[in-house]
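In the UniProt record's numbering, the protein residues as written are 1 to 298. We treat Cβ as the ideally placed atom computed from N, Cα and C, and that holds for glycine. Because the structure is a prediction, the values reported are computed rather than measured.
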């Protein structure tokens, strides 16, 4: 198949593009960079310069939208929050404009999203087969606007609501392992908040699985089937690294250091990937112990 992708040079894209190529797909990556070099099955196309990219003669089967500035990278100043929101909505709006121009139309748009749309709770299980009231915070507002922009495509759309993605080369894990390396790992706040996590390899596998199926539409939770509370996550990470996990960091200290962005680690949702499991998707790393053993070096 011919795949049109945004965000192909980011963390997920870095893992997804080779997997697509290995499956025999041809990937067209929309990028603002000028130094990318094409290969046999990967082609880079300039975009967001005011003009529609030249896709003459190319029949796109699936669009994958992963574009967006990092949420956890920097403190949430008003300018940073606006950038996080605009980078997602503007890129999605532009991709929708491209989709409207394509003939024939792609059969599917896979639009990145996040479980941050769900309210924080220590008791509720958030399933993607049910409707839930959205949270009242910046993350949820961003997801709502992001998904709304994608709905304008007019083609079947899947919103891949990613949880905490764990990988050696990106996501939250490198920062967390650094804490333990300096012997300051442990519970964050009370440690009762849920971490709905997923191994990067399962993220890629889930995207490929959805692509090959015609049974998905709407929100799909892309998380492992066994979320854990943060204090348990810290305990298991410490055991894997052979480091203590006893240095608790007060929530007040985290909020002082991180500001509003602290909700990323002090609050969480217990999310379940019901739609993936209903279609018999098999997780390679369903348990956090297995994921950490694969990703973490002592």
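Range covered by the beta strand (DSSP E) that runs through residue i
i           : result
residue 163 : Looking at the DSSP string, residue 163 is not in any beta strand (DSSP E), and its letter there is neither H nor E.
residue 291 : That residue, residue 291, is in no beta strand (DSSP E); its alpha helix (DSSP H) goes 288-295.
residue 52  : Residue 52 -> no beta strand (DSSP E), and no H or E assigned at all.
residue 329 : Nothing in the structure corresponds to residue 329, since the chain is present only between 1 and 298.
residue 285 : Neither: residue 285 is in no beta strand (DSSP E) and is coded neither H nor E.
residue 127 : 125-127
Three-way DSSP call (helix, strand, coil) for residue i in this model
i           : result
residue 254 : helix
residue 277 : helix
residue 67  : coil
residue 43  : strand
residue 180 : helix
residue 216 : coil
residue 222 : strand
residue 186 : coil
residue 117 : helix
Identity of the residues DSSP links to residue i by a beta bridge
i           : result
residue 62  : 3 and 108
residue 240 : According to DSSP, residue 240 bridges with nothing at all.
residue 171 : 166
residue 229 : 194
residue 305 : The displayed coordinates of the chain run from 1 to 298. Any statement about residue 305 would go beyond what the structure contains.
Residue nearest to residue i in terms of C-alpha spacing, selected from the options
i           : options             : result
residue 32  : 48, 127, 196 and 20 : 48
residue 25  : 123, 294 and 212    : 212
residue 148 : 254, 90 and 40      : 90
residue 135 : 263, 169 and 293    : 263
residue 129 : 292, 54 and 279     : 279
residue 276 : 268, 286 and 267    : 286
residue 44  : 29, 233 and 2       : 29
residue 215 : 107, 96 and 7       : 107
residue 72  : 165, 281 and 105    : 165
residue 78  : 261, 160 and 294    : 261
residue 41  : 236, 150 and 5      : 5
Span of the alpha helix (DSSP H), counted from its first residue to its last, around residue i
i           : result
residue 299 : Lying outside 1 to 298, the shown extent of the chain, residue 299 is not represented and no answer is given.
residue 207 : 200-212
residue 299 : Residue 299 lies beyond the range of the chain shown here (1 to 298); nothing can be said about it.
residue 144 : 138-151
residue 91  : 78-101
residue 266 : 263-266
Any non-hydrogen atom of the ligand GDP closer than 7 Å to residue i Cβ
i           : result
residue 125 : Because no ligand of any kind appears in the structure shown, any question about the ligand GDP cannot be addressed here.
Give a yes or no on contact between the segment 61-69 and the segment 105-124, applying the rule of three or more CB pairs nearer than 8 Å.
yes
Does the count of Cβ pairs from the segment 239-257 and the segment 187-201 closer than 8 Å reach three?
yes
Given 8 Å as the limit, is there contact between the segment 114-129 and the segment 87-102, that is, 3 or more CB pairs closer than that?
no
Cβ pair count under 8 Å reaching 3, the segment 263-276 against the segment 223-237
yes
Can you confirm whether the segment 161-173 touches the segment 251-258 when touching is taken to mean that 3 or more C-beta pairs between the two stretches lie within less than 8 Å?
no
Would the segment 201-215 and the segment 12-22 be scored as touching if the rule is three or more Cβ pairs under 8 Å?
yes
Using a Cβ distance threshold of 8 Å, determine whether the segment 46-60 contacts the segment 75-85, with at least three qualifying pairs required.
no
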